[in-house]
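Have a look at the structure below before the remarks.
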Amino acid sequence: MVLEISVLMAQFPSREIAQLSYEFRTLGLGYANIGGLLMASGLGYDSKEGRALCGALTAILTGESYATSA
Numbered sequence: 212m213v214l215e216i217s218v219l220m221a222q223f224p225s226r227e228i229a230q231l232s233y234e235f236r237t238l239g240l241g242y243a244n245i246g247g248l249l250m251a252s253g254l255g256y257d258s259k260e261g262r263a264l265c266g267a268l269t270a271i272l273t274g275e276s277y278a279t280s281a
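Now the structure itself:
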C-alpha cells in the first residue's frame, strides 16, 4: 500500500522514469540492524550459524514479498 502511494505521489526526473516506475513499481528490500541481531544472538557475522540465520531470514523475506506482490 505504501509503495502504491509513493509511486502515485512521487515526482520523477523524466517522463520515462515516471512511466517505468508506475508500470513496474520496483522495490528494494533489505535488513535493518542484522549485525545487531547476530551480536545479540552471540553469532559471528561470517560464521556458519550466522549465515544460516541470515539465509533463513532472507527466505522469509523473499516468500513474504512474493506473497504480498501476487
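Heads up, the final residue of the sequence shown is numbered 281 in my numbering, and it's a clean run with no missing numbers. Quick reminder that beta carbons are idealized off the backbone N, C-alpha and C, glycines included.
Considering only their Cβ atoms, is the gap separating residue 249 from residue 256 smaller than 8 Å? One-based indexing of the sequence shown puts residue 256 at position 45. One-based indexing of the sequence shown puts residue 249 at position 38. Contact flag set, yes.
Around the C-beta of residue 261, are 16 or more other C-beta atoms found within 10 angstroms, so that it is buried, or is it exposed? Sequence index remark: in the sequence shown, residue 261 carries index 50 (1-based). That one is buried.
To the nearest angstrom, how far is the alpha carbon of residue 272 from that of residue 225? Taking the sequence shown and counting its residues from 1, one reaches residue 272 at position 61. Taking the sequence shown and counting its residues from 1, one reaches residue 225 at position 14. Straight-line Cα distance between these residues: approximately 31 Å.
Since residue 254 and residue 276 should fall inside the 8 Å C-beta cutoff, what is the C-beta to C-beta distance between them, to a whole number of angstroms? Along the sequence shown, read from residue 1 onward, the residue named residue 254 stands at position 43. Along the sequence shown, read from residue 1 onward, the residue named residue 276 stands at position 65. Wrong, their Cβ atoms sit about 24 Å apart, outside the cutoff.
Among 223, 242, 266, the one whose alpha carbon lies nearest that of residue 236: What you label residue 236 is simply residue 25 of the sequence shown in a count that begins at 1. The residue with the shortest Cα to Cα distance from residue 236 is 223.
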